[in-house]
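Take a look at the structure set out below.
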Amino acid sequence: MLLPELNLTVEQAKALSIPVVRREVLQVLIDYVQSKVDAGEDLVLNFICTHNSRRSQFSQIWAQTASDYFGIPAACYSGGVEVTAFNERAVGSIKRAGFRVTKKGEVNPKYFVFHSDDAEPIVAFSKLFDDPINRANRFAAVMTCAHADENCPFIPGAESRIPVRYEDPKAFDDTAEEASKYDERSLQIAAEMFYVFSQIRSTK
């Protein structure tokens with residue numbers, strides 16, 4: 247049972263049309279998820295971007311929300327190649343989307359992101375992709391930015407590497423369009439993650 251405001255955002259995301267070119271990109275991820283479900287194996291996704299501050303965080307949060315929504319067990323994580331912080335502009339965007347968020351700490355704080363009253367929180371903070379909180383092996387490395395994809399030729403422990411790149415809303419920082427562009431990117435990622443999990447056939 248999603249939080250009320252979040253449910254409205256999810257309905258908006260589900261109503262968005264996914265362009266054919268993006269469906270082709272997402273099909274690789276769909277096939278991976280389906281293969282794990284069919285095999286009855288743990289599904290672990292690690293969304294990777296250079297700073298683990300915006301796109302990979304959005305992707306982790308929306309993928310975990312979508313998997314829970316559709317009842318497809320998954321462990322969704324995120325990481326980067328440099329540690330910074332979960333960007334406050336991106337945090338603001340997920341709050342506007344309807345997630346309930348609590349914060350702990352000041353330097354690279356941990357954010358506890360809730361999509362419902364009864365689910366465990368999604369723990370979001372900037373970290374390396376091989377941080378102990380992330381599963382170290384048999385996961386799909388989902389590359390959400392070109393820089394990380396092109397500069398990390400090898401991801402230890404990944405059994406699959408899947409590029410699902412997004413444009414960086416950072417380009418609009420400190421402009422009049424800042425909030426709307428962050429929300430636009432978040433909603434795009436929401437729509438695509440909900441599309442991915444909507445395509446999965448349960449073996450139950």
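Mapped onto my numbering, the consecutive letters of the sequence shown carry residue numbers 247 to 450.
In this text, a Cβ means the ideal position worked out from N, Cα and C, and glycines have one as well.
Euclidean distance between Cα positions of Thr232 and Leu433: The requested residue 232 is not part of the displayed model; the chain covers only 247 to 450.
Bounding residues of the alpha helix (DSSP H) (the contiguous stretch that carries Glu251): Annotation: the continuous alpha helix (DSSP H) that includes Glu251 extends over 250-261.
Nonlocal neighbours in the same chain, by C-beta distance under 6 Å from Gln280, ignoring five residues either side: Contacts found: Ile446.
Environment of Ser263 [buried if 16+ CB atoms lie within 10 Å]: Flag for Ser263 reads exposed.
Range of the contiguous beta strand (DSSP E) that encloses Glu423: No beta strand (DSSP E) contains Glu423, which DSSP labels as neither H nor E.
Backbone CA spacing between Ser372 and Gly286 [nearest angstrom]: Rounded to the nearest angstrom, the two C-alpha atoms are 30 Å apart.
Closest residue to His297 among Cys398, Gly403, Phe440 (Cα-Cα distance): With distances taken between Cα atoms, His297 lies closest to Cys398.
Secondary structure, beta strand (DSSP E): runs of 3+ residues fully inside the region 352-415: Those beta strand (DSSP E) runs which fall completely within the region 352-415 and span 3+ residues are 356-360, 368-370, 385-389, 404-409.
From Gly338, Ile307, His393, Glu352, residue whose alpha carbon lies closest to that of Lys427: Out of Gly338, Ile307, His393, Glu352, Gly338 has the C-alpha closest to the C-alpha of Lys427.
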